[in-house]
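Here the structure is laid out as C-alpha cells; the discussion comes afterwards.
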Amino acid sequence: MINKYDMLNNAIEAICNSAPDTFGRYRMEGKSEEEKNNIRAKGYIHLFLLIKFGLQDFKTRHDYITDGPGDGGVDAYYIDTNRRVIYLIQSKYRIDEGNYENKEISSAEIASMELKSILDGKLNGEDGRPYNGKIRGMQKKISGLPNLGLYDYKIILLANLYKSESLKVVKTIFSGLSYDVFDYTRAYDELVFPYCTSTYFQGDSIIIDRNIMGVEQCCKESFENTSYGKCSVALLFVPLSFVAEIVDEYKNSILQYNPRNYLSMSKNPVNKAISVSLKEQNENFALLNNGITMICSDFICSTQNGLNGSTNIRIEDPQIINGGQTGFTLSRIYRDDPEKLQGKKVLLKIIATYKSSKEQQAVTDEEKQELSTAYATFVNSISDATNMQTKIDEADRKANLQAQISMQKRLFAYYGLLYERKQGEYEEALHQKIFDKDQVIKRDTFVKCLWAMKGDCAKAMSISKADLFDEDALLQVINENTDAKCAVFSYLFFSLSVAIDNKNKKQEHPVWGNGTRYGKYALLSVAGRLVSAHLEKRTGLADILELAERSLEIILNEWGEFEKYVRTLQTNETYFKNEVNYFNYYKSQNVQNDINVFWSNYEMEESAELCLVKKTGH
C-alpha cells in the first residue's frame, strides 16, 4: 500500500506533469533527482493553491509563486478579493518521509520573511539586493487594490512548527499579523485527502459574486423559526449557462452535501434525457425540470447594479443539495456544445442559513459543537426530502451522515485508507495512480464486515442493500464509538479471505472446507471473538495486517472441525440431511449460535507467536 507521504508526492507529480507545454520545466521526465526535488517543492505550493483556493488553471497558480532568489522569504501569495485577505506563504517541502513528518522550520527560516520591507514597498531586500520580478509584481498588485485598508494579511507556513522558541520568533517577525501553520498532519488531511476526492475548494472558500444577465427579479422570504433558527429562501430563474459554469468550476466542492459524487453522475441515464430536452429550441426546459436547490451561508440579490436586465447575486459557501444531476449535465454540455444552453433557464432555489454569523455568536466549544451538529442535521434533512423524488441508491442517500463522514476522516488520518462513502469519489485520483486500488474501502462490504465483527455474520451474509443502509441499522455499526482499528482489521481480514478464495478457485478446501468459499463473514465473526485483546496491542496498519493474516491462518486450520461439528447438529438437518448445502447454511440464523457454542472452547494466546489453544476443561 502507498503511504500518505507517497500519496502527497504522487499528487504533486500529477500536478506538475499536467503543466502546459509552455511550462515544460515542471515535467519530471529526464530530470536529475535534485531537479525533481526542486520541482516537487514548487508543486507542493501548487497543491496548496489548488486545494485551498480552487485555482485549477496551472498558469494562474504559477503566477502566484514567487519562490527563488530575491524572494524575501515569501514563496507564494494569494489575494482573495471576495474576503479581502492577502495570503503570504512560506513553504518547506522535505524530500523524505522522516524529514517531512519530523523536521521543523527553523527560526532562521522564519526570520528570512522580510514582510515589513516587502509590504512597505521597498525594492531591495535587507541584503541590498533587489527583490525578484514576482515579488515586485505582488507589490504592484497589492498597491493597486481598491480599498486596500479593508484588507487583512495572513501568513501561511507550510511547515512543521512546534518548538516554543520558534513560536516566539513567529510572534516577533509577524508582529500582530495572523498566521496559520500547515504541519504534515494538516497537509495530509486538508490537502492530500481532498485531492484524492477531487474536492478543490475547502471549508468556506467559495464565494459566487456575479452579475447575471436575463435575471430581472428574485422572490425572497424569511423564516424565523426553522430547526436551525432564522433562514431565508429565494427563488429565481437563472440562465443554464450560470449553473453550468459554477458546477464546471467547483465540481465536488459544491456537491459535498449532495448524495452523489460529480464523476459518478456521468454514468446516470438521466443525463441523456436532460440532453435530449435541451435540443428543443423552445423554453420548455424551465417548465419540465424540477430545478436546483442550493444551500448557503448567506445570499444577497440586487437588481440595482447599474446594468439593465441584470441582477447581481452573491452566494457564500454554496452547496447543491438537489439537482446535482442537472448541474453535472449542463456543465458537460457547457464544455462540449455551449450554444445548446443559450436562451434557456432553470429554477434556482437558494436557502440561506446565515451559518457564518451564527458560528461567530457561539462562544464555548460545546456551543460550537451543538451548532455544527444542528447544521449537519438540518442540511441532511433538506437533502433527504428534496431527493426523495429521485431514484437514489440508499447507500448514496446515507453518504452524508455525520458518522459516515467522521469514519472516512478517521480511516484516512490513522491508516491512509480511503472509505468510499460516495460511489466513484476516488475515481479520478485512482486513474492518476495517487494510491493503490486496494486502499479504497468499498462501503457495502465495509458495513457487512462491521456487522460480522459485531457478532452477526448471518445479517452480513443475507441483508439487503436497502436494509444495510437503513439509518438506524447503519448507526449501530458506524458511530462515534466505532473503533477505527477494529473496523480496519475486519475489512483487511475479509479481503484476505476473498484473496484466498480466489486463489483456491472458489472450491471446497480439504482443510478448511467451505470457510473461504461461503463462510467469509462467519470466519470474521470468529476472529471478532478471539482477537480483540491482541488487536489492542497493535498500532500501525502493517501490525494490523499481520494480525489479520496470522489469525485467519489459525482459524482456517480449525475450520474443518467446525464444519464437521455443525453437520452433526439436529438444528442443521435442513442444510445437511438430504444434501450438503453450505451456501444456505452460512446465510442462516443458525451459524452465529453454532459459532458461539463451538468457538467458546477456544482462545488465542500470544507468547513467541499467536496460536489457538483449547480452554482448560473443554
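In the working numbering, the protein residues as written are 2 to 619. Beta carbons are placed, not taken as given, at the ideal position from N, Cα and C, and that holds for glycine.
Residues near residue i in its chain [Cβ-Cβ closer than 6 Å; skip 5 each side]
| i | result |
| --- | --- |
| Leu9 | Val193 |
| Arg85 | Leu151 and Tyr152 |
| Leu402 | none |
| Arg315 | Asp210 and Ile301 |
| Leu557 | Trp513 and Gly516 |
| Asn38 | Ile96 |
| Tyr583 | Asn515 and Tyr519 |
| Gln631 | Examination of residue 631 is not possible in this model, given that the chain is present from 2 through 619 alone. |
| Gly145 | none |
Backbone CA spacing between residue i and residue j [nearest angstrom]
| i | j | result |
| --- | --- | --- |
| Glu630 | Glu225 | Absent from the model: residue 630. The displayed extent of the chain is 2 to 619, so no value can be given. |
| Asp473 | Cys302 | 40 Å |
| Gln656 | Glu421 | The chain is shown from 2 up to 619; residue 656 falls before or after that span and cannot be answered. |
| Asp484 | Thr569 | 37 Å |
| Leu162 | Glu105 | 5 Å |
| Trp452 | Asn480 | 13 Å |
| Ile110 | Cys17 | The sequence as given places Glu at residue 110; Ile does not occur at that position. Answer to the nearest angstrom: the Cα atoms are 25 Å apart. |
| His619 | Leu613 | Low local confidence applies: a pLDDT of 48 at His619 is under 50, so the model's placement there is unreliable, with the coordinate-based value given in what follows. Their Cα atoms are separated by approximately 14 Å. |
| Tyr522 | Leu348 | 48 Å |
| Glu554 | Leu546 | 12 Å |
| Ser19 | Lys43 | 14 Å |
| Thr540 | Leu331 | 47 Å |
| Lys155 | Lys359 | 23 Å |
| Ile296 | Asn594 | 49 Å |
| Thr198 | Asn259 | 14 Å |
| Ser357 | Asp318 | 9 Å |
| Asn306 | Cys219 | 14 Å |
| Phe286 | Ile596 | 59 Å |
| Ser552 | Tyr88 | 52 Å |
| Leu237 | Thr82 | 26 Å |
| Asn573 | Glu564 | 11 Å |
| Asn283 | Leu289 | 12 Å |
| Leu51 | Asn253 | 13 Å |
| Gly25 | Asn313 | 40 Å |
| Pro339 | Val277 | 14 Å |
Own chain partners of residue i with C-beta closer than 8 Å, once the 5 adjacent residues on each side are dropped
| i | result |
| --- | --- |
| Phe183 | Phe49, Ile157, Leu158, Leu159, Ala160, Glu191 and Leu192 |
| Asn133 | Thr67, Gly69, Pro70, Gly71 and Asp72 |
| Lys142 | Ile80 |
| Glu14 | Met29, Arg41 and Gly44 |
Neighbour flag for residue i against chain D, beta carbons, 9 Å
| i | result |
| --- | --- |
| Arg398 | Here there is only one protein chain, and chain D is not present. |
Anticipated Cβ contact below 8 Å, residue i with residue j, distance rounded
| i | j | result |
| --- | --- | --- |
| Lys504 | Arg518 | That pair is no contact at about 12 Å. |
| Ser108 | Ser167 | 5 Å |
| Tyr416 | Val489 | 6 Å |
| Leu418 | Gln440 | 6 Å |
| Lys135 | Thr61 | With 8 Å as the limit, Lys135 and Thr61 do not qualify as a contact, their Cβ atoms being about 14 Å apart. |
| Gly215 | Gly310 | 7 Å |
| Tyr65 | Ala77 | 5 Å |
| Lys350 | Leu279 | Lys350 to Leu279, Cβ: 21 Å. No contact. |
| Ser498 | Leu524 | 6 Å |
| Ile213 | Val239 | 6 Å |
| Tyr196 | Tyr101 | With a Cβ gap of about 16 Å, Tyr196 and Tyr101 do not count as contacting. |
| Ala548 | Val532 | Residue 548 is actually Leu in this sequence, not Ala. Right, the Cβ-Cβ distance comes to about 6 Å (below 8 Å), so this counts as a contact. |
| Ala404 | Lys423 | Not a contact, Cβ separation roughly 15 Å. |
Close Cβ partners of residue i (< 7 Å) along its chain, the five nearest in sequence each way excluded
| i | result |
| --- | --- |
| Ala363 | Lys369 and Leu372 |
| Ile247 | Ile209 and Ile255 |
| Asp437 | Met2 and Ile3 |
| Tyr229 | Thr354, Ala375, Tyr376 and Phe379 |
| Tyr335 | Ser242, Ala245, Glu246, Asp249 and Leu342 |
| Ser463 | Lys588 |
| Glu222 | Ser233 and Val234 |
| Lys615 | Asn602 and Tyr603 |
| Phe447 | Tyr420 and Tyr492 |
| Gly328 | Val244, Val248, Ile293 and Ile321 |
| Arg530 | Trp600 |
| Glu550 | Leu497 |
For the segment 394 to 472, list the alpha helix (DSSP H) runs that are entirely contained and at least 4 residues long, ordered along the chain. 395 to 398, 403 to 416, 428 to 432, 444 to 455, 458 to 463 and 466 to 469
Does the segment 272 to 284 touch the segment 168 to 184, meaning 3 or more C-beta pairs lie closer than 8 Å? no
What are the uninterrupted segments assigned as alpha helix (DSSP H) that are 4 or more residues long and contained completely in the segment 163 to 192, given in chain order? 165 to 175 and 185 to 188
At 3 residues or longer, and completely inside the segment 557 to 584: list those beta strand (DSSP E) runs for me, N to C. none
Would you say the segment 66 to 79 touches the segment 126 to 138, given that touching needs at least three Cβ pairs under 8 Å? yes
Run through the segment 285 to 344 for me and flag every whole beta strand (DSSP E) of 3 or more residues, listed as ranges in chain order. 293 to 297, 299 to 303, 311 to 317 and 320 to 323
Hey, which unbroken runs of the beta strand (DSSP E) at 3 residues or more fall wholly within the segment 488 to 565? none
Validate contact between the segment 444 to 463 and the segment 426 to 434 using beta carbons, cut 8 Å, 3 pairs: no
Ignoring anything shorter than 3 residues or poking outside the segment 24 to 82, list the beta strand (DSSP E) runs there in chain order. 77 to 81
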